[in-house]
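**Q**
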Amino acid sequence: MQVMRFTVEEINNSTELLPGVNLGYEIFDYCSDIGSLLSAVDFLACGNSIHTGAKRACRPKVISVTGPFGSTETITVSQLFLFNHLPIVTHGATSVQLSNRERFPSFFRTSPSDKFQVQAIVQILKEFKWNWVAFIGGDTDYSRDALRVFESEARLANVCLAYRGIISVKDDSQNENVLKVINEQRIGVVVLFAHIEHVTSFLRVAIKKKVRKVWIGSETWSLSTELVKENNIDSIGTVLGVTLQQMAPLNGLSEFIRKSLNSTQSPPPVSSETCGQRCDECTNATAETIISQESTFSFSIYSAIHAVAHALHTILSCNSSSCRNSTVEPQMLIKALKKVKFQLYNHSIEFDENGDPPAFYDIVFWDRNKSTPFTAVGSFYSIPTPTFTLDRGHLINWHTGQTVSSVCHCFLI
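In our numbering, the protein residues as written are -6 to 406.
(1) For the alpha helix (DSSP H) containing Tyr295, list its first residue and its last residue.
(2) Since Gln167 is in the alpha helix (DSSP H), which residue starts that stretch and which ends it?
(3) Please list, in chain order, all residues of the same chain as Thr231 whose beta carbon is under 6 Å from its beta carbon, the five residues on each side excluded.
(4) Can you name, in chain order, every residue of its own chain whose Cβ lies under 8 Å from the Cβ of Ser194, other than the five neighbours on each side?
(5) In three-state terms, what does DSSP make of Ser71?
(6) Rounded to whole angstroms, what's the CA-CA distance from Lys122 to Leu337? Just pull it up for me.
(7) With Asp138 as the anchor, note down where its beta strand (DSSP E) starts and where it stops.
(8) Less than 7 Å between the C-beta atoms of Pro407 and Ile308, yes or no?
(9) Please say whether Ala329 and Ala304 have beta carbons closer to each other than 7 Å?
(10) So which of Val321, Asp349, Thr320 has the shortest CA-CA distance to Val407?
(11) Assuming Asn124 and Cys153 form a contact by the criterion Cβ under 8 Å, report the distance between their Cβ atoms to the nearest whole angstrom.
(12) Using the Cα positions of Val82 and Gln178, report the straight-line distance between them to the nearest angstrom.
(13) Can you determine whether any heavy atom of the ligand HEM sits closer than 6 Å to the C-beta of Ser211, and answer yes or no?
(14) Pull up the DSSP beta-bridge partners for Tyr354, would you.
(15) Using DSSP with H/G/I as helix, E/B as strand and the rest coil, what is Ile159?
(16) Which residue comes first and which comes last in the beta strand (DSSP E) that contains Val184?
(17) Please classify Tyr295: is it buried, with 16 or more other beta-carbons within 10 angstroms of its beta-carbon, or exposed?
(18) Tell me, to the nearest whole angstrom, how far the beta carbon of Ser291 is from that of Val(-4); I am working on the premise that it is less than 8 Å.
(19) Output the boundary residues of the alpha helix (DSSP H) element that contains Pro253.
(20) When you compare only the Cα positions, how much space is there between Val58 and Gly85?
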């Protein structure tokens, strides 16, 4: 939320982007609860109802939407945006489903499709000749979609998918059963593609059961500063992860947060119409607490807002001092977003024909003996052609003392 506020105010104070134009915004927190999500989209309403037909009796209150973060939530609400021709530019929904232009014609994202993340994981498996692996995920679109892509990519790479497991946030017995099968199948390498809450619950059971493997993590948890501090996390073996390429901190963000939260101005009251939950931990959070949180997706939020602003800059025929005063329809913004291409922090922001950005990933190794526990040992880029590099030398300290073997002498069909 703070990154979005910072970005909008930065653009509004800019003399180069949308000069003379002020962007407005509303922020809704659905508290990661789909049941609360629909109450947070009242900006689609005409009067007291949400219209989903081809004709509208009134103009939409907004011309674009940023978020929600999760894939399942985005898939749930995107049909409402489709009916209303609203472009949605999300910073975290990475499901492969969302690349389907027939289903999601107004969808764009600044975090890459999980298709590329899975390709990076398969490249790691090929590099170490691991062809007897498990794929573990939660009962979510994020995990299920990635599994479908993994099955296809693994087959092409001659990797045996020995086991597919579903883990739970609350049911330790289910997680114990998954670990039991992994051990019985003598699987040495586990792809753990799930949300952080699933991974945390699962790895706590792995610690308790003294299960030691090579774990390959997805970007949702590979840079988790909380999980890497978990008691006895070193006992689970070796952790490799795929992460979004780390960007430099956003200039001025920390100062903006400190100034905002140290202000004597009281926060606006919470409306019961759009928020049925309290979050004292959020409203009472200090500036330093927010600044210290994971910033993996800060740049994705920043670039999502900038993408909308650059599209508007084009639509309004802005020059160095002013912009044309005219009405902007959401359909116009969709057309302009398809063509945006600009640089932020020496990073190209653009979308392909499916609304997807190019993928830039780091491959990291967990080493709690260092002050910075995440060591970059490789990379994966999707453009101009898929390119994978890995330093498999002295950077990775295997829990076995040498490169782990996980091999199946089987025939692939």
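Idealized CB from N, CA, C, for every residue including glycine.
**A** To lay it out plainly:
(1) The sequence position of residue 295 within the sequence shown is 302, counting from 1. For Tyr295, the enclosing alpha helix (DSSP H) covers residues 291 to 308.
(2) Counting from 1 along the sequence shown, the entry for residue 167 is found at position 174. 165 to 177 is the extent of the alpha helix (DSSP H) around Gln167.
(3) If you number the sequence shown from 1, residue 231 lands on position 238. Exclusion of the five residues before and after Thr231 leaves Val207, Trp391, His392 as the residues of its chain whose Cβ lies within less than 6 Å of its Cβ.
(4) Looking up residue 194 in the sequence shown gives position 201. The answer, listed in chain order, is Ile160, Ser161, Val162, Lys163, Asp165, Asn168.
(5) Residue numbering aside, residue 71 sits at position 78 when the sequence shown is read from its first letter. Three-state result, Ser71: helix.
(6) Residue numbering aside, residue 122 sits at position 129 when the sequence shown is read from its first letter. Residue numbering aside, residue 337 sits at position 344 when the sequence shown is read from its first letter. So the alpha carbons of these two residues sit roughly 38 Å apart.
(7) Numbered from 1 along the sequence shown, position 145 holds the residue referred to as residue 138. Per DSSP, Asp138 lies in no beta strand (DSSP E); the unbroken alpha helix (DSSP H) holding it starts and ends at 134 to 149.
(8) In this structure the chain extends from -6 to 406, so residue 407 is not present and cannot be described.
(9) Taking the sequence shown and counting its residues from 1, one reaches residue 304 at position 311. Taking the sequence shown and counting its residues from 1, one reaches residue 329 at position 336. A contact, by the Cβ cut-off of 7 Å.
(10) The question about residue 407 has no answer here: the residues shown for the chain are numbered -6 through 406.
(11) To locate residue 124, count along the sequence shown from 1; it is residue 131. To locate residue 153, count along the sequence shown from 1; it is residue 160. A Cβ-Cβ distance of about 5 Å is found for the pair Asn124 and Cys153, placing them in contact under the 8 Å criterion.
(12) Position 89 of the sequence shown, counted from the first residue, corresponds to residue 82. Position 185 of the sequence shown, counted from the first residue, corresponds to residue 178. The alpha-carbon atoms of Val82 and Gln178 are separated by roughly 42 Å.
(13) This structure lacks the ligand HEM; in fact it carries no ligand of any kind.
(14) To locate residue 354, count along the sequence shown from 1; it is residue 361. Paired residue(s): Leu237, Phe373.
(15) The residue you call residue 159 lines up with position 166 of the sequence shown. Judged by DSSP in its simplified three-state form, Ile159 adopts strand.
(16) Here residue 184 corresponds to residue number 191 of the sequence shown, with the count starting at 1. Counting along the chain, the beta strand (DSSP E) containing Val184 begins and ends at 182 to 185.
(17) Residue mapping note: residue 295 aligns to position 302 of the sequence shown, counting from 1. Label assigned to Tyr295: buried.
(18) Taking the sequence shown and counting its residues from 1, the one referred to as residue 291 is at position 298. Taking the sequence shown and counting its residues from 1, the one referred to as residue -4 is at position 3. About 5 Å separates the two Cβ atoms, so the contact holds.
(19) By 1-based counting over the sequence shown, the position of residue 253 is 260. What sits at residue 253 in the sequence shown is Ser, not Pro. Unbroken alpha helix (DSSP H) run through Ser253: 246 to 254.
(20) Position 65 of the sequence shown, counted from the first residue, corresponds to residue 58. Position 92 of the sequence shown, counted from the first residue, corresponds to residue 85. Looking at the two C-alpha atoms, the distance is approximately 13 Å.
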